[in-house]
Amino acid sequence: VLDRFKEGLALYRSRLWKPAREAFQAALAANPHDGPSKVYVDRCTYYADQPPADDWEGVWTFTEK
Numbered sequence: 021v022l023d024r025f026k027e028g029l030a031l032y033r034s035r036l037w038k039p040a041r042e043a044f045q046a047a048l049a050a051n052p053h054d055g056p057s058k059v060y061v062d063r064c065t066y067y068a069d070q071p072p073a074d075d076w077e078g079v080w081t082f083t084e085k
């Protein structure tokens, strides 16, 4: 799980949404209760549809409470 998560995080930070999502999904296949991987799957899906600005530094900004 940890290796797949680390791989996914590196891909996420490189803006490679689809391969990052696949890595996080692989982590979830090994441990379906891995909360952080679930969060990043959703974020990868979101950013694949709505890419962040060019100056994005990898930070997720909450827009609602």
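If you count by the working numbering, then the sequence shown holds residues 21 to 85, one letter each, in order.
Here a beta-carbon is modelled for each residue, glycine too, at the ideal position from N, C-alpha and C.
Task: CA-to-CA distance, Glu27 to Arg35, given in whole angstroms - done: Taking the first residue of the sequence shown as 1, we reach residue 35 at position 15. Taking the first residue of the sequence shown as 1, we reach residue 27 at position 7. For Arg35 and Glu27, the distance between alpha carbons rounds to 13 Å.
- [ ] Measuring alpha carbon to alpha carbon, tell me which of Trp76, Arg24, Tyr67 ends up nearest Leu48.
- [x] Looking up residue 48 in the sequence shown gives position 28. Taking the Cα of Leu48 as reference, the smallest distance to any Cα among Trp76, Arg24, Tyr67 is reached at Arg24.
Open item on the list: For Pro56 and Phe82, what's the separation of their Cα atoms in angstroms?
Closed with: In the sequence shown, the residue the question calls residue 56 occupies position 36. In the sequence shown, the residue the question calls residue 82 occupies position 62. Note on geometry: alpha-carbon atoms of Pro56 and Phe82 lie some 16 Å from one another.
Task: Alpha-carbon spacing of Asp9 relative to Lys38, whole angstroms - done: Any property of residue 9 remains undetermined from this structure, which presents the chain solely from 21 to 85.
TODO: Evaluate Asp54 with the Cβ neighbour count: other Cβ atoms within 10 Å of its Cβ, from every protein chain shown; 16 or more gives buried, anything less gives exposed.
DONE: In the sequence shown, residue 54 corresponds to position 34, counting from 1. Classification for Asp54: buried.
- [ ] Starting from Pro39, trace the alpha helix (DSSP H) both ways and give me its first and last residue.
- [x] The count along the sequence shown starts at 1 and reaches residue 39 at position 19. Boundaries of the alpha helix (DSSP H) around Pro39: 37-50.
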